[in-house]
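Engineer: One rule links them: number in this note's numbering = place in the sequence shown (from 1) + 172.
This is the structure I want to talk about, given as structure tokens.
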Amino acid sequence: MGVLRIHTVPGDEAFLRQRAGEVTEFGEKLQAIARDMTETLPMAGGIGLAAPQVGHSIRLVLIDVSQVERKPEEPEMPPPFFLVNPVIVQAVGEAMMAEGCLSVPGVRVEIPRKSSLRVQARGLDGSHLELSCEGLPAIVVQHELDHLDGRLIVDWAAQGCRSYREGEEKSSSP
Ligand code: NI
173 MGVLRIHTVP
183 GDEAFLRQRA
193 GEVTEFGEKL
203 QAIARDMTET
213 LPMAGGIGLA
223 APQVGHSIRL
233 VLIDVSQVER
243 KPEEPEMPPP
253 FFLVNPVIVQ
263 AVGEAMMAEG
273 CLSVPGVRVE
283 IPRKSSLRVQ
293 ARGLDGSHLE
303 LSCEGLPAIV
313 VQHELDHLDG
323 RLIVDWAAQG
333 CRSYREGEEK
343 SSSP
């Protein structure tokens, strides 16, 4: 396996629009998908990846903001992490940035998100975990969870969020 093809609109829209299924088995197959996602994300230059974006319609996301440049006053970014069957149990505050998406090339949408989250999920080994995140990682988590429900950034644009074609500025896309 290795680096996987990123599914994009319009060609893969039907697949990307599916609601992804819960993960029920934490065996070698899941580990293999996770390894492939770990290889794929940096190649694609992204900061988050949901399994449906690489052809697996399961509730698995990878968040990797570790390479994002931060200002000195900003908190250190967490190392890459996977969430299986993630559920947001608390969301507070407001945050917005121009979000891109590997599955929607060339488009940015300013989406209102929560700035601070508590998330319950499983780890890759099936263990139960609960974590807090805020700022950029929290935004990326919300973006990737949208993918698990078949929701894309263009849907937010259709609801009135400001959107534009990507210009010369080339930053990371979840
Ligand atoms: Ni995306």
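For glycine and all other residues, C-beta sits at the position ideal for the given N, C-alpha and C.
Just mark ARG242 as buried or exposed, buried being the case when its beta carbon has 16 or more other beta carbons within 10 Å.
Structural biologist: Residue mapping note: residue 242 aligns to position 70 of the sequence shown, counting from 1. Exposed.
Engineer: Which of the three DSSP states is assigned to ALA223 in this structure?
Structural biologist: Translated into positions along the sequence shown, residue 223 becomes position 51. Residue state, collapsed to three classes: helix.
Engineer: Give the straight-line distance between the Cα atoms of TRP328 and GLU282, rounded to the nearest whole angstrom.
Structural biologist: Within the sequence shown, the letter at position 156 stands for residue 328. Within the sequence shown, the letter at position 110 stands for residue 282. Straight-line Cα distance between these residues: approximately 8 angstroms.
Engineer: Verify the contact flag: CYS273, CB atom, against every heavy atom of ligand 1, threshold strictly below 6 angstroms.
Structural biologist: Residue mapping note: residue 273 aligns to position 101 of the sequence shown, counting from 1. Yes - ligand 1 has a heavy atom lying nearer than 6 angstroms to the Cβ of CYS273.
Engineer: Pairs of beta-carbons, one from the region 316–333 and one from the region 219–230, closer than 8 angstroms: are there three or more?
Structural biologist: Cβ pair count under 8 angstroms is three or more, so yes.
Engineer: Do the region 302–315 and the region 251–269 make contact, defined as three or more Cβ pairs closer than 8 angstroms?
Structural biologist: Yes, they touch.
Engineer: Run the CB neighbour count on MET215, radius 10 Å, all protein chains shown included, and call it buried at 16 or more, exposed below.
Structural biologist: In the sequence shown, counting from the first residue as 1, residue 215 sits at position 43. When all chains shown are included, MET215 counts as exposed.
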